[in-house]
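Notes for the one structure printed next.
There are 2 protein chains.
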Amino acid sequence: MMVSSRGRYALRVMTDLAEHRGEGYTAMREVAERQGISLKYLEKILPCLVAAGLIEGVHGKGGGYRLTREPDRYPVSEILRLTEGDIAPVACLDCGTETCSRSAECRTRPMWDKLNTLVDGYLSSVTIADLMEGPQSTEK
Amino acid sequence: MMVSSRGRYALRVMTDLAEHRGEGYTAMREVAERQGISLKYLEKILPCLVAAGLIEGVHGKGGGYRLTREPDRYPVSEILRLTEGDIAPVACLDCGTETCSRSAECRTRPMWDKLNTLVDGYLSSVTIADLMEGPQSTEK
DNA sequence: TAATAACCGACCTAAGAGGTAGGTAAGTCC
DNA sequence: GGACTTACCTACCTCTTAGGTCGGTTATTA
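First to last, the sequence lines map onto chains A and B. Last residue of the first sequence: 1114 (the numbering used here), numbering continuous. Last residue of the second sequence: 1114 (the numbering used here), numbering continuous.
Here it is in C-alpha cells:
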C-alpha cells in the first residue's frame, strides 16, 4: 500500500475546505462530521499542512481553517508528500535514505525510477479542483 | 511504500534465475550469495511462486529452481501480485476488501482508480527479460 | 548412507498504522 | 471579565506488518 489513511484523509479535508471556501473559516468539527472521520485524528494530521503554509487556522469562536490558494493550485502530490513523508513506491528511492549499496549493479533500479516518475507525474497533474467535481455532484 | 522487500527480492531472484537458465537447476544458496540476501528469508518467499507454477524446484544434490517460461513471458505485475498479495496504491481498491461504504460519494475514488490503472499498466509492460539488461551488463 | 537442497512451522523484534484521552493557548461573544 | 469555542500539543494505547532467525523434516542423488 502506497497511501495510508493519513494522506487520504488530508485530501478529503482539503477538498471539503475547498467546497466550503468563501464561507470564512471552517471548523474541523464540521469537517470531521461531514466526512465521518474522528476529530481527534484530524487534529493530528493538520498541523503539518499549516506549517507548510497550505492552510491557515484561527482560534476561537468563528474560527477554523481556510485555504491559502485557489483549489487548482494544490497538486495532490504536494499534499501527500507532506502528510505521508514520501510517496516513492520502493524504499530505495526515498529521499533521505542513503543510497542502496547495490544500486550501481541493481537490475531493477531503472524500473523503480521510471515507476516513480510515472506516479509522481500523475499525482502532480491532479489538483484539489479536480477532486471537487466528484462522482456525485449532487451535494453542494 | 507500495512494494516491500518481499516483492523486490522475488524480482531479483527471478532475474537471477533467468540469467543462469540453461545451466540446469540453480540452488537458492548460490542466488542468496550472489544477491546478498539471507537464504532463510528467500526460502519463505519462493513457495508461492512454485505453487503458482512460475518456477519449479527439485530436491537433493544438483537440485534447485528453474523457470518454466521464457523470461519475456513474466510480467513484473504478476510476480508482485503473488508475493505482495496486492499492489493497489490504496486500501479501498484491494480486491477482497469489502467496498468502502462511502465509495459512491467519495471525491477521491476516481483518482485512485486511474492511478491504479496507470501503475498496473506499466508493471504489466515490463518483464523479467527487460530487467536482465541492467545498468551494468558487464557481469555475465 | 551421507550430503545436499527444497520445504515447513514456530518464534522474535521493531516499527508503523490508526487511533484515544486530556490538557493548554488563543481568540470571540455577551 | 468570564464563558465558550476552537486550534494546538503531548502522551499513550492496540494491532498488524515487515523483515527476519532457528530448527527441523522430506526428497533426491552421488
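Backbone N, C-alpha and C fix where the C-beta goes; we use that ideal spot for every residue, glycine too. The structure presented is a predicted model; accordingly, all values stated were derived computationally and were not measured.
request  = Report the residue from L1020/A, R1043/A and M976/A whose alpha carbon sits nearest the alpha carbon of T1101/A.
outcome  = Checked all of L1020/A, R1043/A and M976/A; the closest Cα to T1101/A is R1043/A.
- Pull up the distance between the alpha-carbon of G996/B and that of G1027/A, whole angstroms please. Each residue's Cα considered, the two are about 59 angstroms apart.
For A1006/B, which residues of its own chain have a beta-carbon under 8 angstroms away from its beta-carbon, when the five flanking residues on both sides are left out?
A distance below 8 angstroms between beta-carbons, with the five flanking residues on each side excluded, links A1006/B to the following residues of its chain, in chain order: S1012, L1013 and L1016.
- Query: On the premise that L1105/B lies in contact with L985/B, defined as a C-beta separation below 8 angstroms, what is that separation, rounded to the nearest angstrom?
  - Reply: That pair is a contact at about 7 angstroms.
Worksheet item: What separation, rounded to the nearest whole angstrom, lies between the Cα atoms of I1038/A and T989/B?
Response: Note on identity: in this sequence residue 1038/A is Gly, with Ile being the wrong assignment. Roughly 54 angstroms separates the two Cα atoms.
Which runs of the beta strand (DSSP E) fall wholly inside the stretch 988-1048 of chain B and span at least 3 residues, in chain order? The stretch 988-1048 of chain B contains these whole beta strand (DSSP E) runs: 1029-1032 and 1038-1041.
| said: Would you say the beta carbon of Y1039/A is closer than 7 angstroms to some non-hydrogen atom of the ligand SAH? | reply: Summarising the ligand content, the structure contains no ligands, and the ligand SAH is consequently not present.
Is there at least one Cβ from chain A nearer than 8 angstroms to G1036/B's Cβ? G1036/B does not count as touching chain A.
- prompt: Near S1098/A, what residues of its chain come up, given a Cβ to Cβ distance below 7 angstroms and the 5 sequence neighbours on each side ignored?
  reply: The residues are P1049 and S1051.
For Y999/A, which residues in the same chain have their Cβ closer than 8 angstroms to its Cβ, ignoring the five residues on either side in sequence?
The residues are G1031, V1032, G1036, G1037, G1038, Y1039 and R1040.
Suppose the cutoff is 6 angstroms on Cβ atoms and the five residues either side in sequence are ignored; what does the same chain contact list for A1001/B look like?
Excluding residues within five positions, the ones whose Cβ falls inside 6 angstroms are G1038.
Own chain partners of R1003/B with C-beta closer than 8 angstroms, once the 5 adjacent residues on each side are dropped: Hits under 8 angstroms: L1013.
**Report entry** C-beta contact flag for T1057/B and G1010/B at 8 angstroms
**Finding:** Taking the C-beta atoms as reference points, G1010/B is found no nearer than 8 angstroms to T1057/B.
Within-8 angstroms CB hit, V1024/B to chain A
By this cut-off, V1024/B is not an interface position.
* Relative to the C-alpha of A1103/B, which residue among V977/B, S978/B, E993/B and P1021/B is closest? -> Checked all of V977/B, S978/B, E993/B and P1021/B; the closest Cα to A1103/B is E993/B.
Between T989/B and chain A, is any beta-carbon pair separated by less than 8 angstroms? So yes, T989/B belongs to the interface.
- Message: Pull the bridge partners of T1101/B from the DSSP assignment, please.
- Response: Looking at the DSSP assignment, T1101/B forms a beta bridge with P1049/B.
- Buried versus exposed call for A1062/B [16 or more other C-beta atoms within 10 Å across all chains shown]: By the neighbour-count rule (16 or more Cβ atoms within 10 Å), A1062/B is buried.
R1083/B, buried or exposed, once every other Cβ within 10 Å from all chains shown has been counted against 16: It counts as buried.
Discussion item. Please tell me whether P1049/B has its Cβ less than 8 angstroms away from any Cβ of chain A.
Written reply: It does not: the Cβ of P1049/B has no partner Cβ on chain A nearer than 8 angstroms.
Helix, strand or coil at A1062/B [DSSP, three-state]
A1062/B: coil per DSSP, three-state reduction.
Would Y1096/B count as contacting chain A if we go by Cβ distances under 8 angstroms?
Look at Y1096/B: its C-beta is under 8 angstroms from a C-beta on chain A.
Suppose you measure from the CA of D1060/A to the CA of G1034/B; what does that come to, to the nearest Å?
Cα to Cα, D1060/A sits roughly 45 angstroms from G1034/B.
- prompt: V1024/B to I1053/B, Cα distance in whole Å?
  reply: Each residue's alpha carbon lies about 11 angstroms from the other.
Express the C-alpha separation of E1107/B and R1047/B in angstroms, rounding to a whole number. Inter-residue distance for R1047/B and E1107/B is about 15 angstroms (C-alpha atoms, whole angstroms).
- Message: According to DSSP, simplified to helix, strand and coil, what is V1093/B?
- Response: Here V1093/B carries a helix assignment [DSSP, helix/strand/coil].
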